[in-house]
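Right, one structure below, let's go through it.
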Amino acid sequence: MKATSSSWSKAFRKVLGLKNGNKSIPEGFQEEGFAVIGVNYRLHPKVKAPAYIEDAAAAVAWAFDNIGKYGGSAEKIFVSGSSAGGYLTSMVGLDKRWLERHSIDANRIAGLMPLAGHTITHFTVRAERGIGGTQPIIDDLAPLYHVRADAPPTLLITGDRELEMLGRYEENAYMMRMMLVSGHQQVQLFELDGYGHAPKEPAYPLILKEARRILNAMGN
Numbered sequence: 475m476k477a478t479s480s481s482w483s484k485a486f487r488k489v490l491g492l493k494n495g496n497k498s499i500p501e502g503f504q505e506e507g508f509a510v511i512g513v514n515y516r517l518h519p520k521v522k523a524p525a526y527i528e529d530a531a532a533a534v535a536w537a538f539d540n541i542g543k544y545g546g547s548a549e550k551i552f553v554s555g556s557s558a559g560g561y562l563t564s565m566v567g568l569d570k571r572w573l574e575r576h577s578i579d580a581n582r583i584a585g586l587m588p589l590a591g592h593t594i595t596h597f598t599v600r601a602e603r604g605i606g607g608t609q610p611i612i613d614d615l616a617p618l619y620h621v622r623a624d625a626p627p628t629l630l631i632t633g634d635r636e637l638e639m640l641g642r643y644e645e646n647a648y649m650m651r652m653m654l655v656s657g658h659q660q661v662q663l664f665e666l667d668g669y670g671h672a673p674k675e676p677a678y679p680l681i682l683k684e685a686r687r688i689l690n691a692m693g694n
């Protein structure tokens with residue numbers, strides 16, 4: 475195992491299958507020697523925002539506090555997730571207050587790699603407030619609200635803009651533009667033509683390539 479870890483923020487059923495007993499990890503991650511930490515979080519309607527953001531932050535904090543016990547390095551933690559997990563990835567990595575509660579600077583994250591996540595306020599949060607899904611909101615629960623020049627390197631990935639969920643590619647394109655405008659120089663956006671919402675298999679090689687690039691830049 476390399477001294478590297480990737481915290482994958484997503485309900486287990488669709489990514490790592492931990493809820494139904496399937497504990498498989500994507501082959502590329504195994505071959506590259508990444509430790510993958512599957513993250514669960516409380517779901518709406520049992521809880522409301524920001525409970526699920528707090529859960530995601532607690533999971534990332536656990537990785538920082540414990541990865542050394544498993545041969546990993548707290549300086550090489552990447553945070554990724556798909557769809558709602560992509561939104562949580564961006565919130566935890568950009569809005570520093572969530573990890574500050576655990577005495578961790580979000581800038582210690584080696585890289586953020588959200589897959590097709592909302593960058594405006596999530597539609598679930600809007601629904602909790604009685605706001606319709608077609609009404610965009612950017613407030614303090616939107617990743618876009620927290621763009622900053624000193625954020626960790628960020629890889630944005632979406633499916634085809636014509637096949638993705640409503641406006642998801644455009645949100646991420648705006649996110650990239652505003653990150654660049656803020657002075658952030660390590661942000662990329664990939665649109666996976668021909669794929670629908672949050673296509674995981676074609677995204678894995680891009681995530682691995684970016685992780686390798688960042689690690690090489692760190693001298694690892």
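The opening position of the sequence shown corresponds to residue 475 in our numbering, with each subsequent residue numbered one higher. Don't be surprised by glycine CBs; every beta carbon is placed ideally from N, CA and C. Remember, predicted model here, so these are calculated numbers, not experimental data.
Excluding five sequence neighbours on each side, which residues of the same chain lie with their C-beta closer than 7 Å to the C-beta of residue i?
i, result
"N496", "Per-residue confidence for N496 stands at a pLDDT of 47, beneath the threshold of 50, marking its modelled position as unreliable; the derived number appears in the next sentence. Here the set comprises nothing."
"D529", "Y515, R516"
"M650", "L630, V661, L663"
"Y544", "A509"
"I611", "I594, T595, R600, I605"
Whose C-alpha, out of the options, is nearest the C-alpha of residue i?
i, options, result
"S554", "Y544, A537, G545", "A537"
"Q662", "H596, T632, G606", "T632"
"P617", "A509, A685, A590, K550", "A590"
"F664", "T628, M639, M692", "T628"
"S547", "H518, P519, G507", "G507"
"F597", "A523, K674, I511", "A523"
"R686", "P519, G607, I551, A531", "I551"
"E636", "L654, D667, L630", "D667"
"G657", "H671, V621, G607", "V621"
"L573", "H518, P673, I511, I527", "I527"
"V534", "K520, A647, V521, V513", "V513"
"H671", "H518, H592, G542", "H592"
"Y678", "L562, E602, P588, R571", "P588"
Taking the DSSP output, what are the residues bridged to residue i?
i, result
"T595", "In the DSSP output, where bridge partners are listed per residue, T595 has none listed."
"T632", "E665"
With DSSP collapsed to three states, give me the class of residue i.
i, result
"T608", "coil"
"N496", "Unreliable positioning characterises N496 in this predicted model, as indicated by a pLDDT of 47, which lies under 50. A coordinate reading is not provided."
"A672", "coil"
"P519", "coil"
"L456", "This structure gives no information on residue 456, because the portion of the chain shown stretches from 475 to 694."
"D524", "Checking the sequence shown, residue 524 turns out to be Pro, not Asp. Note: P524 maps to coil in three-state DSSP."
"D569", "coil"
"R622", "coil"
"S577", "coil"
"G502", "helix"
"L640", "coil"
"R687", "helix"
"S547", "coil"
Please list, in chain order, all residues of the same chain as residue i whose beta carbon is under 8 Å from its beta carbon, the five residues on each side excluded.
i, result
"G567", "V553, A580, I583, L586, A625, P626, T628"
"Y669", "G633, D634, L637, P676"
"L640", "G607, T608"
"Y643", "T632, G633, D634, R635, E665"
Can you list, in chain order, the residues of its chain whose CB lies under 6 Å from that of residue i, leaving out five sequence neighbours each side?
i, result
"A558", "none"
Under 8 Å: do the region 500-512 and the region 672-686 share three or more Cβ pairs, one atom per stretch?
Touching, per the Cβ criterion.
The region 618-627 in contact with the region 579-586 per 3-pair CB rule at 8 Å
yes
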